[in-house]
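Student: My numbering numbers the first residue of the sequence shown as 128 and each following residue consecutively. Please see the structure below; I have some questions.
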Amino acid sequence: MAYLLTATDRVEIHELPGRYGDAIDDRHWARLDTVFTQDAVFDLRGVGSRVCNGLDDIKVFMETEAAHPRTHMMTNIYAESDENAVELRFRIVALLGKGLTSTASYYDKLVKTDRGWRTYYRYVSSRRRDKRDAEVDLNGIAL
């Protein structure tokens with residue numbers, strides 16, 4: 128059976144990246160409760176970091192280890208569902224200050240809880256990928 132996402136589901140799912148960005152930009156770690164499940168896995172190996180296991184570990188990581196930009200801008204937000212999962216993909220452009228930016232791709236697996244949609248697994252990569260994991264080459268620049 129395929130997951131059928133309603134318009135209300137899609138609106139709530141599309142708000143997840145914004146809630147995440149606001150929590151990080153405001154350094155308000157308690158708001159991460161509105162993004163992740165209690166047992167969420169946050170896999171940051173694609174950006175040279177570690178795997179966080181559980182919401183408490185994610186919050187500790189954010190507070191003590193993560194380097195935080197001044198502002199996150201979420202782009203290319205796309206949700207899809209099939210018989211196995213609901214997935215959310217988006218890109219972040221982060222303003223680091225002094226004219227510097229950074230980008231990353233986020234790949235989430237979602238679950239609908241009694242408090243709304245939450246991410247239970249997130250993979251972050253500095254490289255853009257699609258379902259085929261094909262590299263994108265734009266005029267000699269690998270994305």
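Cβ coordinates follow ideal geometry from the N, Cα and C atoms, glycine included.
Would the C-beta of V251 count as close to the ligand PLP, meaning under 6 Å from any of its heavy atoms?
Tutor: Absence of the ligand PLP is noted for the structure shown, with no ligands found whatsoever.
Student: Does the beta-carbon of Y233 have 16 or more other beta-carbons within 10 angstroms, so that it is buried, or is it exposed?
Tutor: Result: buried.
Student: Identify whether G145 lies in helix, strand or coil by the three-state DSSP scheme.
Tutor: Note: G145 maps to helix in three-state DSSP.
Student: In chain order, what residues of the same chain have a beta carbon less than 7 Å from the beta carbon of L312, not counting five sequence neighbours either side?
Tutor: Shown here, the chain extends from 128 to 270; a query on residue 312 therefore has no answer.
Student: Assuming D166 and G181 are in contact, meaning their beta carbons sit under 8 Å apart, how far apart are those beta carbons, in whole angstroms?
Tutor: That belief holds up - the Cβ atoms of D166 and G181 are roughly 6 Å apart, short of 8 Å.
Student: Using the beta-carbon count (16 or more within 10 Å), is N266 buried or exposed?
Tutor: The predicted model places N266 with a pLDDT of 44, which falls under 50 and marks its position as unreliable; any figure quoted below should be read in that light. Exposed, since its Cβ has fewer than 16 Cβ neighbours within 10 Å.
Student: Hey, would you say L222 sits closer than 7 Å to T228, going by beta carbons?
Tutor: Result yes, Cβ atoms of L222 and T228 sit closer than 7 Å.
Student: Which residues in the same chain as I204 place their Cβ atom closer than 8 Å to its Cβ, once the five residues preceding and following it in sequence are excluded?
Tutor: Hits under 8 Å: H141, P144, L215, R216, F217.
Student: Exposed or buried, which one is L131 when buried takes at least 16 other CB atoms within 10 Å?
Tutor: Counting Cβ neighbours within 10 Å, L131 comes out exposed, since fewer than 16 surround it.
Student: Which two residues bound the contiguous beta strand (DSSP E) that contains E207?
Tutor: Taken as a continuous stretch (DSSP letters only), the beta strand (DSSP E) holding E207 covers 198–208.
Student: How big is the Cα-Cα spacing for E190 and R154?
Tutor: Each residue's alpha carbon lies about 8 Å from the other.
Student: Just verifying my parser: in three-state terms, what is the DSSP assignment at T133?
Tutor: Looking at T133 - three-state DSSP - the assignment turns out to be coil, as it is neither helix nor strand.
Student: K236 to G224, Cα distance in whole Å?
Tutor: If I take the Cα positions, the gap works out to 31 Å.
Student: Taking DSSP as the reference, what is the three-state secondary structure of D184?
Tutor: Helix.
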